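Right, one structure below, let's go through it.
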Amino acid sequence: MKQIILALAAIIATATAALAHSKAEDTTPANGATVESVEAIELRFDDPMRVTAIALIGPDGELEITREIGLDPVTAFWAIPPENMPAGAYTVDWRGLSSDGHPMQGTFEFTVAD
């Protein structure tokens, strides 16, 4: 009986790990942060992620940068934003594929101060 319980526990643990998806652990600028300037847009993931698209939407609602990329799996990704970003609120939207092949997406926001 003890062997059956141990076998079931091992199967459940393996299945749980297989269902886990990569997630964004940290961003630069930080979500909700107010910054003086932005030198790079960074995403850091807990597992390898293939970032397939990233978009930066400016305070006027216009798309500042967009990239369709499809790089090899990474745990950190960065993009260079436009120079002299005007003050206001920005939104970063990203899409990608986690290491197990599931599509992932996320958004974070930051503000550039006057």
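To get my numbering, take the position in the sequence shown, counting from 1, and add 72. A virtual CB, placed ideally from N, CA and C, is assigned to each residue, including glycine. Here the structure is a predicted model, which means the values were calculated and not measured.
C-beta atoms of residue i and residue j nearer than 7 Å
{"i": "T183", "j": "T106", "result": "yes"}
{"i": "P145", "j": "R122", "result": "yes"}
{"i": "A30", "j": "P131", "result": "It is not possible to answer for residue 30, since the shown part of the chain is limited to 73 through 186."}
Counted within 10 angstroms of its Cβ, other Cβ atoms place residue i as buried (16 or more) or exposed
{"i": "L115", "result": "buried"}
{"i": "T179", "result": "exposed"}
{"i": "I113", "result": "buried"}
{"i": "P101", "result": "buried"}
{"i": "A96", "result": "buried"}
Three-state class that DSSP yields for residue i in the structure shown
{"i": "I152", "result": "coil"}
{"i": "E114", "result": "strand"}
{"i": "D98", "result": "strand"}
{"i": "D52", "result": "The first residue shown for the chain is 73 and the last is 186, placing residue 52 beyond what the model contains."}
{"i": "P132", "result": "Per the sequence presented here, residue 132 reads as Asp, with Pro not at that position. The answer is coil: DSSP assigns D132 none of H, G, I, E or B."}
{"i": "P145", "result": "coil"}
{"i": "A159", "result": "coil"}
{"i": "E108", "result": "coil"}
{"i": "A127", "result": "strand"}
{"i": "D165", "result": "strand"}
Rounded C-alpha distance that separates residue i from residue j
{"i": "D119", "j": "S170", "result": "8 Å"}
{"i": "E108", "j": "E181", "result": "14 Å"}
{"i": "P175", "j": "A159", "result": "32 Å"}
{"i": "E136", "j": "G173", "result": "29 Å"}
{"i": "V110", "j": "D186", "result": "13 Å"}
{"i": "A81", "j": "A148", "result": "Confidence is the limiting factor: at A81 the pLDDT is only 46, short of 50, which leaves the residue's position unreliable and the question unanswerable from this model."}
{"i": "M157", "j": "E134", "result": "12 Å"}
- Check whether the stretch 118-137 touches the stretch 161-180, taking contact to mean three or more Cβ pairs, one atom from each stretch, closer than 8 Å. yes
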